[in-house]
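The block underneath contains the structure these notes are about, expressed in structure tokens.
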Amino acid sequence: MAKLQSLDPHAPMFAQFKEKTGQIVLANTFVVPKERTAEFLALFRKQAEFMRAQPGFVSLRMHQGTTGSQLLLNVAVWESTEALAAALSNPEFQRVAAEFPDDIVSYPHIFKEIAV
Numbered sequence: 076m077a078k079l080q081s082l083d084p085h086a087p088m089f090a091q092f093k094e095k096t097g098q099i100v101l102a103n104t105f106v107v108p109k110e111r112t113a114e115f116l117a118l119f120r121k122q123a124e125f126m127r128a129q130p131g132f133v134s135l136r137m138h139q140g141t142t143g144s145q146l147l148l149n150v151a152v153w154e155s156t157e158a159l160a161a162a163l164s165n166p167e168f169q170r171v172a173a174e175f176p177d178d179i180v181s182y183p184h185i186f187k188e189i190a191v
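Under the numbering used here, the first residue of the sequence shown is numbered 76, with each subsequent residue one higher.
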């Protein structure tokens with residue numbers, strides 16, 4: 076399973092689920108060793124297929140850093156923190172998440188829109 080790290084130590088990921096929200100963005104930055112990129116993306120596609128079928132899912136996109144970066148960024152939009160939390164706690168999601176290699180590090184964080 077990928078290692079989860081807090082992007083903001085003042086707001087750990089699981090503490091963010093306590094705030095009830097409207098639409099949110101989950102930005103999840105992954106550090107993926109180059110030799111693991113294809114394997115990671117195959118597992119991510121499997122996970123994305125599951126998430127797209129979950130209540131409250133809006134959209135997601137995976138991005139890759141430029142210039143040979145080992146960073147990948149998933150930007151997912153959800154109707155609420157409650158919908159995201161329900162999807163993440165689903166045993167099927169947990170099963171797929173456990174398949175990610177241990178040498179991948181994940182920095183998830185939830186954002187809400189405050190300005191345009």
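Where is the CB? At the ideal position from N, CA and C, for every residue including glycine.
Taking C-beta atoms as the reference points, Ile99 and Phe168 fail to come closer than 8 Å. The C-beta distance from Ala77 to Val180 rounds to 7 Å, short enough to fall under 8 Å.
Partner residues in the beta bridge of His184, as assigned by DSSP, are Ala102. Nearest to Glu110 by alpha-carbon distance, out of Ser134, Gly143, Glu124, Lys121, is Gly143.
At a Cβ-Cβ threshold of 8 Å, Leu101 and Leu159 count as neighbours.
Put simply, the stretch 169 to 176 touches the stretch 121 to 129. At least three CB pairs are less than 8 Å apart.
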